[in-house]
Amino acid sequence: MDFRALAERMEAVEATPSRLEMAELLAQTLVRASAEETPPIAYMLLGGLAPEFEGLEVGLAENRVRELIRTRTGASQTQVDERMAEDGDLGLVAEHLWAESEGGQRALDAFGDTEPDPELAVRDVHGRLAEIGRIEGQGSQEKKKRHALRLLDQATPVEARYLVRFLVGQLRLGVADQTLLDGAAIAYAPDEAVDVGDDGMARPPTELRETMERAYNLTSDIGDVLGTAREHGIESLTGVEVTPGMPVRPMLAERGKDADEIFANVGSPALAEYKYDGLRIQAHVTSDGVELFSRRLEDVTDPYPDVVDQLEQALDGTAAVVEGEAVPVDPETGEIQPFQEIAKRRGRKHDLEAAIQEVPIHLYAFDCLWVDGEDLTREPLTERRQRLEAILGEHELVDVSSAEHVRDATELDRFFEDAMADGCEGLMVKKLGDDSHYQAGARGYRWIKYKADYHADLADSLDLVVVGAWHGKGRRAGWYGTLLGAAWDETEDRFKTVCKVGTGFTDEDLEQLDELLDPLTRGEPARQLDVDLEPDVYFEPEVVAEIHGADLTRSPVHTAARDDEGGIALRFPRFVRWRSAKGPRDATTVDEVRSMYYDQPTVDGPGAEG
DNA sequence: ATTGTCTGCCC
DNA sequence: ATTCTGC
DNA sequence: GCAGAATGGGCAGACAAT
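For the first sequence, the working numbering gives the first residue as 1, with consecutive numbering after it.
What follows is the structure, given as structure tokens:
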């Protein structure tokens, strides 16, 4: 298949609002693809080159691609910036600039000997992008850019749109794995299995769709699943099971804001577990060794040799696939440390020994998907949990998560208080009973996360002055996409940044931003503002917004309460509403931010202990 | 040898 | 991570 | 309610620039 055909198909998919039509278009694409190009097409439609656990990335992103666009088209930085502010999409910027410079090329062609560029094949594009991804070492950035430029040079405008979007990691097709599976189910099902609705649109056949989805959820390799379905039929994927060494797409949870809502969804009794603030780990332990996978299926074995050792000891020869949360603990007291501590272990290669000593990790296991050849994903939660307890035993740094059966709001909230006091984010509340199997990859109301900050009264709430903004992208093109918020420093009478905020706005809110903020626009930071970041526009400190968040963290970039250890920032910020009655000096003060930070149960230092 | 920029991936 | 929107 | 796409703070590593 020519890459141009794929790009044009992407264009059609992007243009339709109907999911059924998207699936149909994807199905048509898959039907036309050869066996060999099916996996690459599947990965590329989802913005990747390979299954996630292989960790293959191109390694060029927005800033490098902007350079490439300038080189290819001769546009200036300002030209690209301006178009970007308008289009909100670097792919569209490239497409427009390509189309404009194309005229020039054709003019050259008219003189005679310039050969038209050969068509790019999908497999060539895939292969060349993968090759760029493997370039490393000194001079690698230049080399990557050179190779990418050669690819872009051959691209037509529409190909450039999608190549550029691919590189910046945002295809914006409205397609992700679920829609691709819909398309594949239509493409690979026997004709008689596919119902066509009154609207003339095919419906993905339910059972075959589920077979594919389960195969995908258990192997995490959508290219392989589609390739297999194409060659051997969807039925050949029936009976796929958990395979040690192959990461399972983790079961996910929805949010619940109070006990009533939670019990309405999971029933009573339910299993409540501490929700630890750490890294989710899926451990595959066999006689061949241990492999650890992250929530997004990266192999993270190397940074956690201590976890590997502990697991091997704890399991004592039993082969198993176990899930848990890796949490940083104080080496002296065993108390849970802030999330930032374990973040220092993630991906670590240098000085690992010291990091292991300074921040030991406690693994709190909460599920078990496979034991000694037996797939447990269809067993109810109680059974899986019992198996987990049976194989783990008690160990210093590997444990089963704290859990209780809860029957009503009183019991739930009491346990919730315990969890908070012990330095957790809240609780996970899980449905019990016959349909409590491990639903790989799926959200849904079988597991519910219950955190303090889902409750407006319990969330950290700050009133911040808006001092800057960035232009939005994608569906936010033409609007501001992000605001910069600052607290007031009473003693210095200055404004210090605490966070950016880009979520919580309705379209209506976004629409009104110009009117509210444009009169305050200035080209440089306000005189009283301390800021390290560089927003697209600055504002006179005037407008105040209520912003909620989960935690306060140490920050290398925000300037509020900055001392030797950095500033303080808000984690998971979201816009709640305007505080139009407030002026800039009625905003939350830096002193208040500092107190809130030190009041947190996992933070030691000035103020309340604990 | 140090610092800064960029990227990818955790939450 | 959180949140909003279109289907 | 699902699926997707907007958007957040912050960490280490890889390179480039100084």
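Here a beta-carbon is modelled for each residue, glycine too, at the ideal position from N, C-alpha and C.
Pick out whichever of the options has its Cα sitting closest to the Cα of residue i.
i: LEU30; options: ARG562, TRP470, GLY227; result: GLY227
i: ARG554; options: VAL544, PRO331, MET596, TRP479; result: MET596
i: ARG161; options: VAL194, GLU95, ASP199; result: GLU95
i: LEU49; options: ALA33, ASN63, LEU129, GLU102; result: LEU129
i: GLY444; options: ASN265, ALA23, ASP89; result: ASN265
i: GLY441; options: MET212, LEU279, ARG579, THR497; result: MET212
i: MET251; options: ARG280, GLY59, ALA259; result: ARG280
i: ARG574; options: LEU462, ASP177, MET428, MET44; result: LEU462
i: ALA314; options: ASP299, VAL285, VAL300, ASP302; result: VAL285
i: ARG446; options: GLY256, MET246, PRO244; result: GLY256
i: PRO541; options: LEU552, HIS548, ALA550, GLU524; result: GLU524
i: LEU167; options: THR333, SER287, ILE69, ARG385; result: ILE69
For residue i, does the three-state DSSP call read helix, strand or coil?
i: ALA107; result: Confidence at ALA107 is low in this model, with a pLDDT of 48, below 50, so the placement of that residue is unreliable and no value is reported for it.
i: HIS455; result: coil
i: TYR445; result: coil
i: ILE568; result: strand
i: SER461; result: strand
i: LYS381; result: Correcting the residue type first, residue 381 is Leu in the shown sequence and not Lys. Reduced to three states, the DSSP call for LEU381 is helix.
i: ILE135; result: coil
i: ASP530; result: strand
i: TRP98; result: helix
i: LYS349; result: coil
i: VAL242; result: coil
i: VAL122; result: helix
i: GLU273; result: strand
i: VAL359; result: coil
i: GLY233; result: coil
i: ALA365; result: strand
i: HIS147; result: helix
i: GLY468; result: strand
i: ARG203; result: strand
i: ARG612; result: With the chain running from 1 to 610 in the structure shown, residue 612 is simply not present.
i: VAL308; result: helix
i: GLU546; result: strand
i: GLU8; result: helix
i: ARG407; result: coil
i: ASP198; result: coil
i: THR589; result: strand
Would the beta-carbon of residue i fall within 7 Å of that of residue j?
i: THR602; j: PRO338; result: yes
i: ALA27; j: GLY183; result: yes
i: ALA187; j: LEU60; result: no
i: LEU388; j: CYS368; result: yes
i: ALA283; j: LEU297; result: no
i: VAL122; j: PHE3; result: yes
i: VAL242; j: LEU218; result: yes
i: ALA403; j: ILE361; result: no
i: GLY324; j: LEU363; result: yes
i: GLY426; j: TYR450; result: yes
If I follow the unbroken beta strand (DSSP E) through residue i, where does it start and stop?
i: MET428; result: 426-430
i: THR553; result: 551-555
i: VAL321; result: 320-328
i: PHE495; result: 494-501
i: GLY481; result: 480-489
i: THR286; result: 279-286
i: ASP399; result: 398-400
i: PHE575; result: 574-578
Residue range of the alpha helix (DSSP H) that residue i falls in?
i: PHE539; result: Run containing PHE539: none in the alpha helix (DSSP H); it sits in the beta strand (DSSP E), 537-539.
i: GLN340; result: 339-343
i: GLU261; result: 259-266
i: ARG83; result: 77-87
i: GLN28; result: 19-32
i: VAL168; result: 157-168
i: MET44; result: 38-45
Any chance the CB of residue i is under 6 Å from a heavy atom of the ligand GDP?
i: GLU323; result: This structure lacks the ligand GDP; in fact it carries no ligand of any kind.
Task: the segment 258-278 contacting the segment 424-440, beta-carbon criterion three pairs below 8 Å - done: yes
Open item on the list: With three or more beta-carbon pairs closer than 8 Å as the criterion, would you say the segment 554-573 touches the segment 479-498?
Closed with: yes
- [ ] Would you check if there are 3 or more beta carbon pairs closer than 8 Å linking the segment 141-156 to the segment 75-88?
- [x] no
- [ ] For the segment 411-420 and the segment 353-372, state whether three or more C-beta atom pairs, one from each stretch, are separated by less than 8 Å.
- [x] Contact between the segment 411-420 and the segment 353-372 is absent: fewer than three C-beta pairs spanning the two stretches fall below 8 Å.
- [ ] Report yes or no: do three or more beta-carbon pairs, one from the segment 126-140 and one from the segment 193-206, lie closer than 8 Å?
- [x] Flag = no, the segment 126-140 and the segment 193-206 do not touch.
Open item on the list: Under 8 Å, with one C-beta from each stretch per pair, do the segment 523-539 and the segment 454-473 reach the 3-pair mark?
Closed with: Cβ pair count under 8 Å is three or more, so yes.
Open item on the list: Check whether the segment 373-383 and the segment 391-405 are in contact - that is, three or more C-beta pairs closer than 8 Å.
Closed with: no
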